[in-house]
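A.B. asks:
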């Protein structure tokens, strides 16, 4: 079987992480011989652990210096590079279906907000750095949800990460839509305001349609 890379993107609280195992289960039911690899960014690797720790410890209220904003960007890029080398590329070579909860688009969308005013056209700048060495997904599912509803969902979770602020998430959502408009053939929009089962069903259907081509 040919390896496939499917990525799940969207703002915090949009339900990607919840939908991921449901999608995998539905694919396994239809294609029992297909190897499925579930992964995520930030990863569980050394750089990914540093990023996860930093996201939980930072409140998001403090203004980071331009140097530290660039530091965070390059950490996300380093984690992505390790992700490709350690998980994505070997799995694709093995013919697996790789499902990733966040990928390079999240770095462009989120850090594109953080680096506003520091870099010219930050989303484009980040994408250009990725372009020579990144693996482009076969399909990206973009989970669309109003940021206010997303924050309500996040309010029921323990702890809070620094990106979980309304205006920030609105800007991230705009960046995701901008990225999508530049590559419409890669993206499938998922209405994440639906109930959990409906979201998983729509996402799985899109992936299965790709596999049937």
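Numbering (this note's numbering), first residue to last: 4 to 216. Positions of the beta carbon are idealized from the N, C-alpha and C atoms, including for glycine. Fair warning: this is a prediction, and the values are worked out from it, not measured in the lab.
For residue 114, count neighbouring C-beta atoms within 10 Å of its own C-beta (all shown protein chains included) and say buried if the count is 16 or more, exposed if not.
C.D. replies: Result: buried.
A.B. asks: Look up residue 7 in the DSSP assignment and give the residues it is bridged to.
C.D. replies: Note: residue 7 sits in a beta bridge opposite 100.
A.B. asks: What did DSSP end up calling residue 198 once you bin it into helix, strand or coil?
C.D. replies: Residue 198 falls in the coil class under three-state DSSP.
A.B. asks: Can you list, in chain order, the residues of its chain with a C-beta nearer than 7 Å to that of residue 193? Leave out the 5 residues immediately preceding and following it.
C.D. replies: So the list reads 144, 145, 146, 147, 202, 205 and 206, once near-sequence residues are dropped.
A.B. asks: Please confirm if residue 174 has its CB atom under 8 Å from at least one CB of chain B.
C.D. replies: The question asks about chain B, but that chain is absent: this structure has only one protein chain.
A.B. asks: Looking only at DSSP bridge pairs, what is residue 39 linked to?
C.D. replies: DSSP lists 100 as partners of residue 39.
A.B. asks: Per DSSP, what are the beta-bridge partners of residue 191 in this structure?
C.D. replies: Paired residue(s): 144.
A.B. asks: Rounded C-beta distance between residue 153 and residue 17? I'm assuming under 8 Å.
C.D. replies: Between residue 17 and residue 153 the Cβ distance is about 6 Å, and since that is below 8 Å, they are a contact.
A.B. asks: Alpha carbon to alpha carbon, what distance is there between residue 167 and residue 161?
C.D. replies: Unreliable positioning characterises residue 161 in this predicted model, as indicated by a pLDDT of 47, which lies under 50. The coordinate reading is nonetheless provided below. Cα to Cα, residue 161 sits roughly 13 Å from residue 167.
A.B. asks: Rank 54, 10, 67 and 49 by C-alpha distance to the C-alpha of residue 40 and give the top, closest one.
C.D. replies: The residue with the shortest Cα to Cα distance from residue 40 is 10.
A.B. asks: Measuring only the C-alpha atoms, how far is residue 187 from residue 181?
C.D. replies: So the alpha carbons of these two residues sit roughly 10 Å apart.
A.B. asks: Classify residue 15 as helix, strand or coil using the three-state DSSP reduction.
C.D. replies: Residue state, collapsed to three classes: coil.
A.B. asks: For residue 73, which option in 46, 122, 53 and 30 has the closest C-alpha, if you only look at C-alpha atoms?
C.D. replies: Of the listed residues, the one whose Cα sits closest to residue 73 is 122.
A.B. asks: Is the Cβ-Cβ distance between residue 99 and residue 36 less than 8 Å?
C.D. replies: No; because the gap between Cβ atoms is not below 8 Å, this pair is not in contact.
A.B. asks: Please determine whether the Cβ atom of residue 76 lies at a distance below 7 Å from any heavy atom of the ligand GTP.
C.D. replies: The ligand content of the structure shown is nil, which means the ligand GTP is not present either.
A.B. asks: Where does residue 108 land, buried or exposed, given buried means 16+ other C-beta within 10 angstroms?
C.D. replies: It counts as buried.
A.B. asks: The alpha helix (DSSP H) that contains residue 113, what's its start and end?
C.D. replies: Element bounds for residue 113: 107-117.
A.B. asks: Using the Cα positions of residue 68 and residue 116, report the straight-line distance between them to the nearest angstrom.
C.D. replies: Between residue 68 and residue 116, the C-alpha separation is close to 14 Å.
A.B. asks: Quick one: is residue 80 buried, meaning 16 or more other Cβ sit within 10 Å of its Cβ, or exposed?
C.D. replies: The residue is buried, with at least 16 neighbouring Cβ atoms inside 10 Å.
A.B. asks: Let's test the definition: count the other Cβ atoms within 10 Å of the Cβ of residue 124 and tell me whether it reaches 16, buried, or not, exposed.
C.D. replies: Answer is exposed; the Cβ neighbour count stays below 16.
A.B. asks: One question on the structure: do residue 30 and residue 211 come within less than 8 Å of each other, judged by their Cβ atoms?
C.D. replies: Closer than 8 Å, so yes.
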